[in-house]
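Residue numbers (the numbering used here), protein chains in the order written: chain X, 3 to 195; chain S, 98 to 284.
Ideal Cβ placement from N, Cα and C applies to all residues, glycine included.
Being a predicted model, the structure only gives us computed values, none of them experimental.
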Amino acid sequence: MSEAAPEALRAPASPGAMFRAFNRLALQGFGGVLPVAQREIVERERWLSREQFVELLAIGQVLPGPNVVNLAVLIGDRFFGWRGIAAAVGGLLLAPLAIVLALAALYAQFASQPAVAGALRGMGAAAAGLVLGTAWKLAPALSRNPLGRWPAAALALAAFAAMALLRWPLLAVVAGLGSAACAAAAWRLRTRR
Amino acid sequence: MSGSAWLLGTAGLGAADFAALFGHFALLSLLAVGGAIATAPDMHRWLVGERGWIADAQFSASIALAQAAPGPNVLFVAVIGFNVGGLVGALAALSGSLLPSTLLARSAGRYGRRHAESLPVQAFQAGMAPLVIGLVAATGWLVAEPVRGSAGGLVLIALTLLLMLRTQAGPLLPIAIGAVAGALGWV
């Protein structure tokens, strides 16, 4: 599973270090935390390989609940059990919670300003670019997929089209495409063994 | 705000109401496949329609505000809870939304690691990886929806991709550029 240069990966030093890392990435996460999480956890801290990150994200996306919080639970538990979960989820939520509640208390006063509405739109465009760039950065993880590189790429495109263009509910994408993909993967893995 | 409005809100919720808020959001947590935002329509039905604890416009503004602030988008749940029942409402809504899904994620993660070499777990990982990447791209597409019709918005998206993939710039730089360009009315 971790044949991706394991010597380059390292474990977080302590739950405190984990709290600080999640706090840092959460405070950079405007319009969504996933792009920053990929950058900080895979590229900067090197706690997980790109492949391991995609594996945990798959669990976090399929399970109910917020994907990034699920990801924090999975990463926290992997290294430090309950203490890791508390550190990762606490780091992810505490400071942003204080900020967003302070903004909520102030919001009524500045909501009517056109410059504020425009700034929110501009930040939304940048956030969209960051999420699209994250998909691009994660895509090379497919090159060693047991399904084969091109079938995996076709599946990624199909999932994109079903969700973004056809507007299928996520449950339908996971139950339909996902179960077919897992069955195909099981067949490929079994014939390989 | 005066008195205890910041603590308990202005809708006059009692202990049983806060318990109901926690319970309803805990139930939704287990249905939130695709992230917490997927349950927003049902939160709206219950809070605005059934209970009348929060106005329609306030509900939408809560989501927009949480998206613009730093941190996970699930914090929109806390903003809605705050507008319903102050700080206690925020904590009841957020903890209700997170507790069941956290317990489930922990169990699923442990199961996956214990059976990492088994065929079902490996097939799940191999089969779901392409979908995950497609779904991340779809999220980007949907987040871009309000600005896809504007030339300035498309330029911003392209510039963000360029900065992200070709330079070492962190995410705050494109966000700041977007905020300034948007405030100037270019998006």
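### Query
Is W189 of chain X buried or exposed, if buried means 16 or more other CB atoms sit within 10 Å of its CB?
In the first sequence, the residue the question calls residue 189 of chain X occupies position 187. It is exposed - the Cβ of W189 of chain X has fewer than 16 other Cβ atoms within 10 Å.
### Task
Taking a Cβ distance cut-off of 8 Å, strictly less, list which residues of the region 147-174 of chain S are near chain X, in chain order.
A158, S159, A161, L162, A163, Q164, A165, A166, P167, G168, P169, N170, V171, L172
### Task
Check P268 of chain S in the structure and name its three-state DSSP category.
Counting from one through the second sequence, the residue named residue 268 of chain S turns up at place 171. Looking at P268 of chain S - three-state DSSP - the assignment turns out to be coil, as it is neither helix nor strand.
### Message
In whole angstroms, give me the CA-to-CA distance for L191 of chain S and A175 of chain S.
### Response
Here residue 191 of chain S is taken as the residue at index 94 of the second sequence, counted from 1. Here residue 175 of chain S is taken as the residue at index 78 of the second sequence, counted from 1. Cα to Cα, the separation comes out at about 5 Å.
#### Entry: Which residues DSSP lists as bridging F82 of chain X, in chain order
Against the first sequence, residue 82 of chain X aligns to sequence position 80. None, per the DSSP bridge assignment.
### Task
Could you tell me the distance, in whole angstroms, from the CA atom of E5 of chain X to the CA atom of R207 of chain S?
As a first step, residue 5 of chain X is located in the first sequence; it is residue number 3 there, counting from the start. As a first step, residue 207 of chain S is located in the second sequence; it is residue number 110 there, counting from the start. With a pLDDT of only 46 at E5 of chain X, under the threshold of 50, the placement of this residue in the model should not be trusted; the figure read from the coordinates follows. So the two alpha carbons sit approximately 21 Å from each other.
### Task
Keeping to the same chain, check which residues put their C-beta closer than 7 Å to that of R195 of chain X; ignore five residues upstream and five downstream.
Here residue 195 of chain X refers to the residue found at position 193 when the first sequence is read from its first residue. There are no such residues.
#### Entry: Candidates S:R245, S:G250, S:I177: closest to L105 of chain S by CA position
Reading the second sequence from its first residue, position 8 is the one you call residue 105 of chain S. When each option's Cα is compared against that of L105 of chain S, the closest is S:I177.
### Task
Buried or exposed for S99 of chain S, please, with buried defined as at least 16 other CB atoms from any protein chain shown within 10 angstroms of its CB.
Here residue 99 of chain S refers to the residue found at position 2 when the second sequence is read from its first residue. Residue confidence is low: S99 of chain S scores 48 on pLDDT, short of 50, so the model does not pin down where it sits. No coordinate-derived value is stated.
### Task
Given a cut-off of 8 Å, decide if V130 of chain S and P66 of chain X are closer than it, judged by their beta-carbon atoms.
Stepping through the first sequence from its first residue, residue 66 of chain X is reached at position 64. Stepping through the second sequence from its first residue, residue 130 of chain S is reached at position 33. A contact, by the Cβ cut-off of 8 Å.
### Message
Any C-beta of chain X within less than 7 Å: which residues of the region 237-263 of chain S qualify?
### Response
G237, W238, L239, V240, A241, P243, V244, G250, L253, I254, T257, L258, M261, L262
### Own chain, CB closer than 8 Å to M125 of chain X, minus 5 neighbours either side, in chain order
Taking the first residue of the first sequence as position 1, residue 125 of chain X is located at position 123. Here the set comprises F32, G33.
### Message
Using 8 Å as the threshold, is the C-beta distance between C184 of chain X and M140 of chain S below it?
### Response
For this step, residue 184 of chain X is matched to residue 182 along the first sequence. For this step, residue 140 of chain S is matched to residue 43 along the second sequence. No.
### Message
Which same chain residues end up closer than 7 Å to P197 of chain S when comparing Cβ atoms and leaving out the 5 residues on each side of it in sequence?
### Response
Numbered from 1 along the second sequence, position 100 holds the residue referred to as residue 197 of chain S. Once the five neighbours on either side are set aside, the close Cβ partners of P197 of chain S are A123, S126, L127.
### Task
Kindly indicate the opening and closing residues of the alpha helix (DSSP H) around Q222 of chain S.
As a first step, residue 222 of chain S is located in the second sequence; it is residue number 125 there, counting from the start. Counting along the chain, the alpha helix (DSSP H) containing Q222 of chain S begins and ends at 216-240.
### Local conformation of V130 of chain S per DSSP, three classes
On the second sequence, residue 130 of chain S is found 33 positions in, with the first residue counted as 1. Here V130 of chain S sits in strand by DSSP.
### Message
Per the DSSP calculation, F32 of chain X is bridged to which residue(s)?
### Response
Your numbering for residue 32 of chain X matches position 30 in the first sequence. Its beta-bridge partners are S:P167.
### Query
Does the distance from the CB of I274 of chain S to the CB of A128 of chain X come in under 8 Å?
Locating residue 274 of chain S in the second sequence gives position 177, where the first residue counts as 1. Locating residue 128 of chain X in the first sequence gives position 126, where the first residue counts as 1. Yes, these two residues count as a Cβ contact at 8 Å.
### Query
What does a CB cutoff of less than 8 Å around F173 of chain S pick up in its chain, not counting 5 residues either side in sequence?
The residue labelled residue 173 of chain S in the question sits at position 76 within the second sequence. Taking C-beta separations shorter than 8 Å and ignoring five residues to either side along the sequence, the partners of F173 of chain S in its chain run A133, I134, A137, S159, I160, L162, A163, Q164, following chain order.
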